[in-house]
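Enquirer: In our numbering, each residue carries its 1-based index in the sequence shown increased by 128. The structure's right below; bear with me while I get my questions together.
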Amino acid sequence: MTTLTLPRWYDLHTHFRQGANVAEYIADHLAMGCAGALAMPNTKPPVSAIVGPKTESSWSIEAYREDLLEAGADAFDRLIVPLYLTRDTTPEMIAQGAASGLLEACKYYPPHGTTNSEHGVPMGEWIGGGVFRAMEEHGVVLCIHGEQHALTGSAYFDENQTAESVFYTEVLPRILEAHPRLRIVCEHITTQEAVDFVEAAPSHVGATITPQHLLYTVGHLIQGLRYHLYCLPVVKFETDRAALRDAVRKVGQSKFFAGTDSAPHTTKATECGCAAGCYTGGCAPQLYAMAFEEAGADLSSSEGQDAFQRFLCSNGPAFYEFTPSSETFLLEKSPSRTESRDLPEGPVVALPEGMDLELTWSIG
Ligand code: NCD
Ligand code: ZN
């Protein structure tokens, strides 16, 4: 049996939400060898302030972090909460937040482009402005949900273009041009265009990739309308999946790293739509290992293990400039299962169960 002894890893894009389920989501992350996380700010209310008590309209990074720590995140050795970029964000907040150490990253959401993204401000309004200039000056990372917002049906998703490909070909180059020193994470990338952009960009531009985008294509989503696979950006075509798989396996690559985008929803399908987000708490390393194998990696070889470890454990901390964990966890080539549980605020179905996928790896 192949057993990998890996440094505990960091999920550099995940959703812990708010309320009574938070402790369960964090526990699932700890159980899968996570040493830390970057917890997304699209909570209710959004994390759109740096310090101060929670109010009806906003959480501060300080207060949200405290709540997560109390719910079990104190067992992590790293917890990053980015600031949700809204109309209230100012250059002064960036400077003060960076000086206090609380602000390491800001998150761009395309308005109305995904779950709880209605507070987002269109990218065109940020480019060249004081907030991005302050981020550049203070080394604050820009986390980007890279999809063009407000496109109509065929422009949003079609054989020749998607909201993501439009964003990476038309908008991202403008950000680099206007802000050449800005550290950027292209989050949960799904397309060949995004891979090409990141590979050609300077070393302070990196990207996260989710398990589902390495494992599946839009065909898997549509065949049987498997709504547990519905997330944003939506899974794409075979050429896109192949580009992602090549990118993570490239010898010595340092730009692509784990960020699961694990996004629990207690109600997925409604009468008039479907909540976007796949839950991969408890099973992400297993899914990533399966994806690497499907991509042709031999995880019993040192070359395969090196590529896997770079992606899962080392590239992310290097990008965010913190020391990786010195503790380890085991990932074994033996079957395991995820079970949907009745959580305090309702059940959440993990991706393998929602896709009838047998996990071929387990956490030791
Ligand atoms: C995320 C969520 O549910 O918060 N959903 C998703 O499909 N990925 C939001 C996001 O990261 O886009
Ligand atoms: Zn997300």
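A virtual CB, placed ideally from N, CA and C, is assigned to each residue, including glycine. No experiment lies behind these values; they were computed from the predicted model shown.
Under 6 Å Cβ to Cβ from D389, same chain only, skipping five residues before and after it: list those, please.
Expert: H141, H316, T338
Enquirer: Would Y236 and C271 be called neighbours here (beta carbons separated by less than 8 Å)?
Expert: yes
Enquirer: Pull up the distance between the alpha-carbon of L75 and that of A423, whole angstroms please.
Expert: Lying before the first or after the last residue shown, residue 75 is absent from the chain, which here runs from 129 to 492.
Enquirer: Can you round the beta-carbon distance between W137 and C441 to whole angstroms, since I take them to be within the 8 Å contact cut?
Expert: 4 Å
Enquirer: Just to be sure I understand the criterion: a residue counts if its Cβ is closer than 6 Å to at least one heavy atom of ligand 2. Which residues meet that?
Expert: Taken from the N-terminal end onward, the list reads H141, H143, M168, D389, A391.
Enquirer: Quick check: does the Cβ of H348 come within less than 7 Å of any heavy atom belonging to ligand 1?
Expert: no
Enquirer: Please classify S453: is it buried, with 16 or more other beta-carbons within 10 angstroms of its beta-carbon, or exposed?
Expert: buried
Enquirer: Under DSSP, the alpha helix (DSSP H) around D195 begins and ends at which residues?
Expert: 189-198
Enquirer: Of the choices L132, A148, P135, whose alpha-carbon is the least far from that of P472?
Expert: A148
Enquirer: Hey, out of M263, E298, L196, whose CA is closest to H86's CA?
Expert: With the chain covering 129 to 492 only, the question about residue 86 has no answer from this structure.
Enquirer: For P392, count neighbouring Cβ atoms within 10 angstroms of its own Cβ and tell me buried if that reaches 16, exposed if not.
Expert: buried
Enquirer: Return the CA-CA distance between M129 and L427, expressed in angstroms with no decimal places.
Expert: The C-alpha of M129 lies about 11 Å from the C-alpha of L427.
Enquirer: Is it buried or exposed for A163, if we count other Cβ within 10 angstroms and need 16 for buried?
Expert: Here A163 is buried: its Cβ has 16 or more other Cβ atoms, across all protein chains shown, within 10 Å.
Enquirer: Mind reading off the beta-carbon distance from R311 to G267? Whole number of angstroms is fine, and I expect it under 8 Å.
Expert: 6 Å
Enquirer: Going straight from the alpha carbon of A201 to that of N288, what length do you get?
Expert: In this structure, the CA atom of A201 is about 43 Å from the CA atom of N288.
Enquirer: With DSSP run on the structure shown, which of helix, strand or coil describes H123?
Expert: This structure gives no information on residue 123, because the portion of the chain shown stretches from 129 to 492.
Enquirer: Give me the Cα-Cα distance between H247 and C402, rounded to the nearest whole angstrom.
Expert: 20 Å
Enquirer: Indicate the three-state DSSP secondary structure (helix, strand or coil) for P135 in the structure shown.
Expert: strand
Enquirer: Let me know if V269 comes out buried or exposed under the rule of 16 or more other beta-carbons within 10 Å of its beta-carbon.
Expert: buried
Enquirer: Whole angstroms is fine: what's the gap from T133's alpha carbon to L342's?
Expert: 22 Å
Enquirer: A435 to I178, Cα distance in whole Å?
Expert: 36 Å
Enquirer: In chain order, what residues of the same chain lie with their CB nearer than 8 Å to the CB of S228, ignoring the 5 residues before and after it?
Expert: Non-local C-beta neighbours of S228 in its own chain, meaning closer than 8 Å and more than five positions away in sequence, comprise I178, V179, ordered along the chain.
Enquirer: I'd like to confirm something about T217: is its beta-carbon nearer than 7 Å to some heavy atom of ligand 1, or not?
Expert: no
Enquirer: Is L140 helix, strand or coil when you go by DSSP?
Expert: strand
Enquirer: Distance check for T131 and E220, CA to CA, integer angstroms please.
Expert: 49 Å
Enquirer: What residue from H273, V294, G274 has the CA that sits closest to S282's CA?
Expert: V294
Enquirer: Please report the straight-line C-alpha distance between K461 and L485, rounded to a whole angstrom.
Expert: 15 Å
Enquirer: Take Y448 as the anchor and find which of P135, V175, R145, A233 has the nearest alpha-carbon.
Expert: For the options P135, V175, R145, A233, the alpha carbon positioned closest to that of Y448 is the one of A233.
Enquirer: Near V477, which residues of its chain fall below 8 Å by C-beta distance, leaving aside the five closest residues on each side in sequence?
Expert: Shown here for V477: same chain residues with a beta carbon closer than 8 Å to its own, the five before and five after excluded, namely H356, K396, Y407, S468 in chain order.
Enquirer: Over what stretch of residues does the alpha helix (DSSP H) that includes V323 continue unbroken?
Expert: Segment 320-328, the alpha helix (DSSP H) holding V323.
Enquirer: If we ignore side chains and look at the alpha-carbon of each, how far apart do R215 and G258 end up?
Expert: Rounded to whole angstroms, R215 and G258 show a C-alpha spacing of 13 Å.
Enquirer: Going by beta carbon distance, what residues of the same chain come within less than 8 Å of E455, once the five residues before and after it are set aside?
Expert: P135, R136, A163
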